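Take a look at the structure below.
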Amino acid sequence: MYRSEALFERAKKVIPGGVNSPVRAFGSVGCSPRFIKSAAGALVTDEDGNSYIDYVGSWGPMILGHNHPAVREAVVRAVENGLSFGAATENEVRMAELVCSVFGSVEMVRMVNSGTEAVMSAVRLARGATGRDKILKFEGCYHGHCDSMLVSAGSGLMTGGVSASAGVTRGCAKDTLTAAYNDLSMAEEIFEKNRGEIAAVIVEPVAANMGVVPPREGFLSGLRSLCDREGALLVFDEVITGFRLSLGGAQERFGVIPDLTALGKIIGGGLPVGAYGGRRELMEQVAPLGRVYQAGTLSGNPVAMAAGIAQLEHLKAHPEVYERLESLSARLFGGIQRLLGGCAAPLALNFVGSLGSLFFAPGPVRNYADARRSDTGAYARYFRHMLSRGIYLAPSQFEAMFLSASHTDEHIDATLEAIEDFLSKESA
Ligand code: HOZ
Numbered sequence: 184m185y186r187s188e189a190l191f192e193r194a195k196k197v198i199p200g201g202v203n204s205p206v207r208a209f210g211s212v213g214c215s216p217r218f219i220k221s222a223a224g225a226l227v228t229d230e231d232g233n234s235y236i237d238y239v240g241s242w243g244p245m246i247l248g249h250n251h252p253a254v255r256e257a258v259v260r261a262v263e264n265g266l267s268f269g270a271a272t273e274n275e276v277r278m279a280e281l282v283c284s285v286f287g288s289v290e291m292v293r294m295v296n297s298g299t300e301a302v303m304s305a306v307r308l309a310r311g312a313t314g315r316d317k318i319l320k321f322e323g324c325y326h327g328h329c330d331s332m333l334v335s336a337g338s339g340l341m342t343g344g345v346s347a348s349a350g351v352t353r354g355c356a357k358d359t360l361t362a363a364y365n366d367l368s369m370a371e372e373i374f375e376k377n378r379g380e381i382a383a384v385i386v387e388p389v390a391a392n393m394g395v396v397p398p399r400e401g402f403l404s405g406l407r408s409l410c411d412r413e414g415a416l417l418v419f420d421e422v423i424t425g426f427r428l429s430l431g432g433a434q435e436r437f438g439v440i441p442d443l444t445a446l447g448k449i450i451g452g453g454l455p456v457g458a459y460g461g462r463r464e465l466m467e468q469v470a471p472l473g474r475v476y477q478a479g480t481l482s483g484n485p486v487a488m489a490a491g492i493a494q495l496e497h498l499k500a501h502p503e504v505y506e507r508l509e510s511l512s513a514r515l516f517g518g519i520q521r522l523l524g525g526c527a528a529p530l531a532l533n534f535v536g537s538l539g540s541l542f543f544a545p546g547p548v549r550n551y552a553d554a555r556r557s558d559t560g561a562y563a564r565y566f567r568h569m570l571s572r573g574i575y576l577a578p579s580q581f582e583a584m585f586l587s588a589s590h591t592d593e594h595i596d597a598t599l600e601a602i603e604d605f606l607s608k609e610s611a
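Following this line, the structure appears as structure tokens:
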């Protein structure tokens, strides 16, 4: 038995499903998860010594590649000074200054420990600031696992074939309204029916948890105008897009400015960090200045701050990282597009910058209903074929492919070759 398989058997006895986050269980791709021992650059290596070209990148944060020396060295230096103080530190100030300097819409920011916490806190702040209860979210967008966001959610819920989690009270779910992604008129109708009751619209500016679904022209700016007209706040969940689609996130790339921004993953350089921020007068409503309570012993943890600062400073000092990501994206996704041109199977490719998804569905894929038409059995075959060729993709149709600055043209060409072989095998 392979070591990964043996570990999975042991894990299943003591961890629900053998994993600490559902998608990792490989449940929808028909094989058992690879247990990862180490990672460097664009490669991950499993417990059996197999190395793979990695397109998961820890689900986003490894924008520079795994174990980047600048980040690793900053962590080692920080560890020498202690692990957690539960007290204010200079690095928290540096981190906040850094985030405010790259996100034009963020004048003040609060550090938390994950994207889930960032969203949960931003939603609470939106409710506290507006005195309204309801939140509008979009089907298939995933905003972490706080109760109010587990309604029509993407990511692992889609893989598991459900759209809502058990354990969320009806009372909580009734305040979460949902519209189809990219459907501005549906959002407008919902506002009409709930006039004066919606605190905020929360959206992934590029949806990346039902596979990647870009916003239609005018969708994000339409949401901005709608929120302004209705006195609601616009919250961008940039946990995946922040610092990735450009240094200033999707809001910079698309030129639409939210009231509040939730950040996660990338901001920790690989350690558990999230953050939420926005305009000063909103953020001043957070305790201890205001009446919206949010706290955490490990928030602003010194080791996590050191990792995050190192990664963000590197990104800020090296704008060529973004040029590189765009050129890798053109090579990979342009290459896949060309392969699809010669292929009769119903496949659709969506991508924005260094994020993309190949859907085993007839295109276009513009929302949850379109994504749901995917042939997940075909994705599972594709996943296993790619894994056998040394390429590690997201173990679900409904997640993204993440490029890092450590991928090379050779990695991309090997990936394209494996995809081409898969497509010709499937059509034979
Ligand atoms: N929900 C995450 C992807 N959108 C997966 C997290 C993980 O398994 O680490």
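Letter by letter, the sequence shown follows residues 184 to 611 in my numbering. C-beta: ideal position from N, C-alpha, C; glycine also. Please read these numbers as outputs of a predicted model, since none were measured by experiment.
Assuming the contact rule is C-beta atoms closer than 8 Å, residue i and residue j should be a hit. Round their C-beta distance to whole Å, please.
i	j	result
Leu406	Leu416	Incorrect: roughly 11 Å between the Cβ atoms, too far for contact.
Ala554	Met393	4 Å
His590	Leu511	5 Å
Gly546	Met584	At roughly 16 Å, the Cβ-Cβ gap does not stay under 8 Å, so Gly546 and Met584 are not in contact.
Gln494	Gly452	3 Å
Val475	Gly311	4 Å
Thr424	Gly414	Incorrect: roughly 26 Å between the Cβ atoms, too far for contact.
Cys329	Gly337	With a Cβ gap of about 15 Å, Cys329 and Gly337 do not count as contacting.
Arg307	Gln477	7 Å
Arg556	Val396	At roughly 13 Å, the Cβ-Cβ gap does not stay under 8 Å, so Arg556 and Val396 are not in contact.
Leu409	Glu371	6 Å
Thr480	Gly269	5 Å
Glu322	Ser335	4 Å
Pro205	Gly401	No, Pro205 and Gly401 are not in contact; Cβ-Cβ is about 34 Å, not under 8 Å.
Asn250	Ala271	Wrong, their Cβ atoms sit about 29 Å apart, outside the cutoff.
Could you check if residue i is buried or exposed, using at least 16 other CB atoms within 10 Å of its CB as the buried criterion?
i	result
Glu275	buried
Pro199	exposed
Asp237	buried
Val439	buried
Val469	buried
Asn296	buried
Gln520	exposed
Arg260	exposed
Met278	buried
Met332	buried
Gly354	exposed
Tyr364	buried
Lys320	buried
Pro485	buried
Leu559	Looking at the sequence provided, one finds Thr at residue 559 rather than Leu. So Thr559 counts as buried.
Val197	exposed
Ser187	buried
Gly629	Any answer about residue 629 is impossible in this case: the structure gives the chain only from 184 up to 611.
Glu582	buried
Val386	buried
Who are residue i's beta bridge partners in DSSP?
i	result
Lys448	Beta-bridge pairing links Lys448 to no other residue.
Tyr575	Asp237
Arg293	Tyr459
His249	Gly224
Ala383	Ile318 and Leu416
Ile373	BP columns for Ile373 are empty, so no partner.
Asp596	Bridge partners of Asp596: none, in fact.
Ala531	Phe542
Val334	Ala347
Going along the chain, which residues of its own chain have a beta-carbon closer than 7 Å to the beta-carbon of residue i, five neighbours each way excluded?
i	result
Ala563	Ser211, Val212 and Gly213
Val289	Val282, Cys283, Thr444, Gly460 and Gly461
Gly248	Gly224, Ala225, Ser587, Ala588 and Ser589
Pro441	Ser288, Leu417, Val418, Phe419 and Gln434
Met294	Glu275, Met278, Val456, Ala458, Ser482 and Gly483
Asn377	Lys317 and Leu360
Lys195	Gly201
Ala208	Gly200, Gly201, Val202 and Pro216
Arg463	Glu290 and Met291
Excluding the five sequence neighbours on either side, which residues of its own chain have a C-beta within less than 6 Å of the C-beta of residue i, listed in chain order?
i	result
Glu435	Ser429
Phe605	Tyr565 and His568
Leu454	Ala487 and Ala490
His594	Ala225 and Ile236
Gly327	Gly298, Thr299 and Val302
Phe516	Phe534 and Gly539
Leu599	Gly518
Val351	Asp330 and Leu333
Phe542	Gly394, Ala531, Val548 and Ser557
Phe437	Leu403
Enumerate in chain order the residues of its own chain whose CB-to-CB distance from residue i is below 8 Å, with the five nearest sequence positions on each side excluded.
i	result
Glu509	Gly536 and Ser537
Glu380	Arg315, Asp316 and Lys317
Tyr674	Any answer about residue 674 is impossible in this case: the structure gives the chain only from 184 up to 611.
Met369	Ala362 and Ala363
Asn233	Arg217 and Gly573
Please confirm if residue i has its CB atom under 8 Å from at least one CB of chain B.
i	result
Thr352	Among the chains of the structure shown, chain B does not appear; only one protein chain is present.
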